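Participant:
Numbering (our numbering), first residue to last: 2 to 136.
#1: Could you tell me the alpha carbon to alpha carbon distance between residue 6 and residue 40, rounded to whole angstroms?
#2: Quick one: complete alpha helix (DSSP H) runs, 4+ long, within the stretch 14-72?
#3: Rounded C-beta distance between residue 70 and residue 56? I'm assuming under 8 Å.
#4: Taking all protein chains shown into account, do 16 or more other C-beta atoms lie within 10 angstroms of the C-beta of residue 63, making it buried, or fewer, making it exposed?
#5: Taking Cβ to Cβ, would you say residue 58 is nearer than 8 Å to residue 85?
#6: Using the Cβ count rule (16 or more neighbours within 10 Å means buried), how would you classify residue 13?
#7: Suppose you measure from the CA of residue 27 to the CA of residue 53; what does that come to, to the nearest Å?
#8: Going by other Cβ atoms of all chains shown within 10 Å of its Cβ, with 16 needed for buried, is residue 60 buried or exposed?
#9: Identify whether residue 75 lies in helix, strand or coil by the three-state DSSP scheme.
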């Protein structure tokens, strides 16, 4: 993944030294960060990759970030976890959007979800989550 992004940066004219010094941070919700502790879903190599440069975490309702940071598989990476400050609860969930789309629901009609129309178009055009535009 990093190699693909680096190749793309090179296409835009970035110098090799700029690309080498570039950091790539995963941005995720606190619920996903908690899920990284599941050994059945994520290998140690996965964690090393995700945390290589760091992770920015958006707090989620129902997920206690302080508890997540103390989880056995997450705790060793605390120095690389940046919890973002927030003024309002973040109730948009990509998991919910995937579930709605995969099961025939419409994310743009669900008042608890907000998905940019360009993102929805991309999802449908590429058949992500078993979706396709209807004829």
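A virtual CB, placed ideally from N, CA and C, is assigned to each residue, including glycine.
If you're wondering where the values come from, they're calculated on a predicted model, not measured in any experiment.
Facilitator: A quick look at the data gives this:
#1: Straight-line Cα distance between these residues: approximately 27 Å.
#2: Those alpha helix (DSSP H) runs which fall completely within the stretch 14-72 and span 4+ residues are 17-22, 31-36, 45-51, 66-70.
#3: Actually they do not touch by this definition, with Cβ atoms about 11 Å apart.
#4: Only exposed fits residue 63, as fewer than 16 other CB atoms lie within 10 angstroms of its CB.
#5: The Cβ-Cβ distance between residue 58 and residue 85 falls below 8 Å.
#6: That one is exposed.
#7: C-alpha separation (whole angstroms): 10 Å.
#8: Answer is buried; the Cβ neighbour count reaches 16.
#9: Looking at residue 75 - three-state DSSP - the assignment turns out to be coil, as it is neither helix nor strand.
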